[in-house]
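Last residue of the sequence shown? That's 417 in the numbering used here, and every number before it is there in order. C-beta: ideal position from N, C-alpha, C; glycine also.
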Amino acid sequence: MRRISIFGATGSIGQNTLDLIKRAPDEYEVVALTGGQNIAQLARDAIDLRAQVAVTADETRLAELRAALSGTGVAAQAGENALIAAAERPVDWVMSAIVGAAGLAPGLKALEQGATLALANKESLVTAGPLILATAAENSARILPVDSEHSAVFQALVGEDIAAVERILITASGGAFRDWPLDELPNATLAQASTHPNWDMGQRITIDSASMFNKALELIETKEYFGVDPAKIEAIIHPQSLVHAMVGFRDGALMAHIGASDMRHAIGYALHWPERRDLPVERLDLARIGTLDFAAPDEARYPALRLAREVMAAGGLSGAVFNAAKERALDEFIAGRLRFTDMAVVVEQVLNKMSQEHDLKTAAITLDNVRDVDHLARMRADEMITITRANNQ
Ligand code: NDP
Numbered sequence: 025m026r027r028i029s030i031f032g033a034t035g036s037i038g039q040n041t042l043d044l045i046k047r048a049p050d051e052y053e054v055v056a057l058t059g060g061q062n063i064a065q066l067a068r069d070a071i072d073l074r075a076q077v078a079v080t081a082d083e084t085r086l087a088e089l090r091a092a093l094s095g096t097g098v099a100a101q102a103g104e105n106a107l108i109a110a111a112e113r114p115v116d117w118v119m120s121a122i123v124g125a126a127g128l129a130p131g132l133k134a135l136e137q138g139a140t141l142a143l144a145n146k147e148s149l150v151t152a153g154p155l156i157l158a159t160a161a162e163n164s165a166r167i168l169p170v171d172s173e174h175s176a177v178f179q180a181l182v183g184e185d186i187a188a189v190e191r192i193l194i195t196a197s198g199g200a201f202r203d204w205p206l207d208e209l210p211n212a213t214l215a216q217a218s219t220h221p222n223w224d225m226g227q228r229i230t231i232d233s234a235s236m237f238n239k240a241l242e243l244i245e246t247k248e249y250f251g252v253d254p255a256k257i258e259a260i261i262h263p264q265s266l267v268h269a270m271v272g273f274r275d276g277a278l279m280a281h282i283g284a285s286d287m288r289h290a291i292g293y294a295l296h297w298p299e300r301r302d303l304p305v306e307r308l309d310l311a312r313i314g315t316l317d318f319a320a321p322d323e324a325r326y327p328a329l330r331l332a333r334e335v336m337a338a339g340g341l342s343g344a345v346f347n348a349a350k351e352r353a354l355d356e357f358i359a360g361r362l363r364f365t366d367m368a369v370v371v372e373q374v375l376n377k378m379s380q381e382h383d384l385k386t387a388a389i390t391l392d393n394v395r396d397v398d399h400l401a402r403m404r405a406d407e408m409i410t411i412t413r414a415n416n417q
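Written out as structure tokens, the structure is:
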């Protein structure tokens, strides 16, 4: 039996992972499941799958989790240290599907004990790519990408030499506002931004898809994971979201990965790798689909893409600053305190200010440094948000 743990089990990726696990429960021994606010779901899945431990990130919900698990044999724990302790339990495979920078520390712990890390939490690579890769190498642990685009690139590269790669095209649906007039974007509401044309995902990544901050994170993730020159990485609009990524080689060949918009493909690939197994995903009828469209992204509509290029060029701790400022701006947009287009304004201001004040490019990428810079960037973002809100009144 393979021992597995799922971090972020109650979320969109976590639930899709559990869907696959529940189809073959005899193959897996579930060690830890973690969640945040959704205690009922966490407890239900932990009981169903006979997990050793269920952990909520929120210490104030521990009593509730304990009550839900009472008499079931599943241990209940809470808080950041409990998440780390859960990641220290020996397993063969870990799904990293916590949303945001909070996913970094448990992922690092899982790598330290040599587990294969199925990485949905792109923020880990954006904030601390070199640290994550070095930790994997030191512990002979493997990282398998779960973002559909990166899984697609990974699959296109099987048997290939990375040195023969001329370009990597990361596709983007264009999000909820692809066809909106630019001057209406500042008034986009939370409900409008929380609807994705093709994918059913968590709220934060859905809004990040509308602003293309998600694609910006993915460009940085591509640079970090595959170690390619940023000049070779492009985003391309593809409204149907069926081609997940393309890899162009020096002989002109372009390998595209095409599949349904269903995260169980990328999750299942990482779960069964290096085998391919039957997966419950739709088989595409290309004759019925008929057309696949592509277009260059408009950087006036999606300033996050320009910012991603700046972050990739600067390297070092810039990714951690970028992500932290984005997370704070997104919190404020969700809370109705920041306009949609002001998220990119705030992130750019924080990046500019922090690159003047700190040596982001050459500072060592340690967990402590990433945490410190993340904290500072959130403080700077709060200042910028206050100024931006005052200017808008
Ligand atoms: P969701 O918001 O649906 O789920 C996030 C998970 O993290 C939930 O289990 C949530 O708990 C938990 N969580 C939230 N905050 C914290 C915290 N501070 N500490 C610990 N746990 C926390 O997100 P998604 O599943 O959509 O995304 C997860 C990750 O995967 C993200 O990094 C995203 O970018 C990436 N990804 C997602 C894709 C998708 O299709 N959804 C596609 C590709 C990548 P609870 O819900 O109980 O509060």
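(request) Give the range of the beta strand (DSSP E) segment to which R26 is assigned. (result) Residues 26 to 31.
(request) Just tell me which of E104, I291, D406 has its CA closest to the CA of G59. (result) Checked all of E104, I291, D406; the closest Cα to G59 is E104.
(message) Once the 5 residues before and after H220 are set aside, which same chain residues still bring their CB inside 6 Å of it?
(response) Take H220, set aside five residues on each side of it, and the residues of its chain with a beta-carbon closer than 6 Å to its own are T230, S233, in chain order.
(message) At a cut-off of 7 Å, would you count L107 as near ligand 1, judging by its Cβ distance to the nearest heavy atom?
(response) Yes - ligand 1 has a heavy atom lying nearer than 7 Å to the Cβ of L107.
(message) Looking at the strands, I want to know which residues DSSP matches up with V267.
(response) BP columns for V267 point to I282.
(message) For R166 and T34, I'd like the C-alpha separation in whole angstroms.
(response) Near 24 Å, if we compare the C-alpha coordinates of T34 and R166.
(message) What does the alpha-carbon distance come out to for the pair P169 and K256?
(response) Those two C-alpha atoms are separated by around 19 Å.
(request) Check whether the segment 135 to 148 touches the segment 391 to 404, taking contact to mean three or more Cβ pairs, one atom from each stretch, closer than 8 Å. (result) In short, these stretches do not touch, since the Cβ pair count stays below three.
(message) Output needed for L266: all residues of its chain with C-beta closer than 6 Å, excluding positions within five of it in sequence on either side, in chain order.
(response) Close CB contacts of L266 within its chain, under the 6 Å cut and outside five residues either way in sequence, are with I282 (chain order).
(request) Using 10 angstroms around the beta-carbon of T410, count the other beta-carbons present and answer buried if the total reaches 16, otherwise exposed. (result) With fewer than 16 other Cβ atoms inside 10 Å of its own Cβ, T410 counts as exposed.
(request) Return the CA-CA distance between L93 and A75, expressed in angstroms with no decimal places. (result) In this model, L93 and A75 are separated by some 11 Å (Cα to Cα).
(message) Out of L214, I291, G343, which one is the CA nearest neighbour of R361?
(response) Nearest option by C-alpha distance: L214.
(request) Identify every residue that forms a DSSP beta bridge with Y24. (result) An answer regarding residue 24 cannot be provided, because it is not within the stretch 25 to 417 covered by the chain.
(request) Would you decide whether G32 is buried or exposed? Buried here means 16 or more other CB atoms lie within 10 Å of its CB. (result) Its Cβ being crowded by 16 or more others within 10 Å, G32 is buried.
(request) Could you tell me if S164 is buried or exposed, where buried requires 16 or more neighbouring beta carbons within 10 angstroms of its beta carbon? (result) The residue in question, S164, is exposed, as its Cβ has fewer than 16 Cβ neighbours within 10 Å.
(message) On the criterion of 16 or more Cβ atoms from any shown chain inside 10 Å, does I122 qualify as buried, or is it exposed?
(response) Buried is the call here.
(message) Per the DSSP calculation, F178 is bridged to which residue(s)?
(response) Its beta-bridge partners do not exist; DSSP assigns none.
(message) Just verifying my parser: in three-state terms, what is the DSSP assignment at L341?
(response) Coil, per DSSP.
(message) Please give me, in chain order, every unbroken run of the beta strand (DSSP E) with length at least 3 that falls completely inside the segment 62 to 89.
(response) Within the segment 62 to 89, complete beta strand (DSSP E) segments of at least 3 residues are found at 77 to 80, given in chain order.
(message) For E258, list the residues DSSP reports as bridge partners.
(response) Partner(s): L193.
(message) Using a Cβ-based criterion (distance less than 7 Å to any ligand heavy atom), does D171 qualify as near ligand 1?
(response) Relative to ligand 1, the nearest heavy atom lies less than 7 Å away from the CB of D171.
(request) Can you tell me which of the three DSSP states G131 falls into? (result) Here G131 sits in helix by DSSP.
(request) Assess, as a yes-or-no matter, whether the segment 57 to 73 is touched by the segment 307 to 320 under the definition of 3 or more beta carbon pairs within less than 8 Å. (result) Output reads no: the segment 57 to 73 does not touch the segment 307 to 320.
(request) Return the chain-ordered list of same chain residues with a C-beta closer than 6 Å to the C-beta of S342, the five sequence neighbours on each side being excluded. (result) So the list reads V335, L384, once near-sequence residues are dropped.
(request) Can you say whether H296 is buried or exposed, counting buried as having 16 or more other CB atoms within 10 angstroms of its CB? (result) H296 counts as exposed, since fewer than 16 other C-beta atoms from the protein chains shown sit within 10 angstroms of its C-beta.
(request) Please report how far the alpha carbon of L155 lies from the alpha carbon of N416, in whole angstroms. (result) If I take the Cα positions, the gap works out to 40 Å.
(request) Using beta-carbon positions only, say whether R404 and M378 come within less than 8 Å of one another. (result) Contact: yes.
(request) Since I believe A328 is in contact with A240 (beta carbons under 8 Å), could you give me their beta-carbon distance rounded to a whole number of angstroms? (result) The beta-carbon distance between A240 and A328, rounded to whole angstroms, is 4 Å. This is short enough to meet the 8 Å contact definition.
(message) Can you tell me which residues form a DSSP beta bridge with T159?
(response) Residue pairing by DSSP places T159 in no beta bridge whatsoever.
(request) Compute the minimum distance between the beta carbon of Q227 and the heavy atoms of ligand 1, and state whether it is under 7 Å. (result) Under cutoff, so the answer is yes.
(request) Give the DSSP-derived three-state secondary structure of F273 in the structure shown. (result) Strand at F273.
(message) Distance check for A160 and L132, CA to CA, integer angstroms please.
(response) Each residue's alpha carbon lies about 8 Å from the other.
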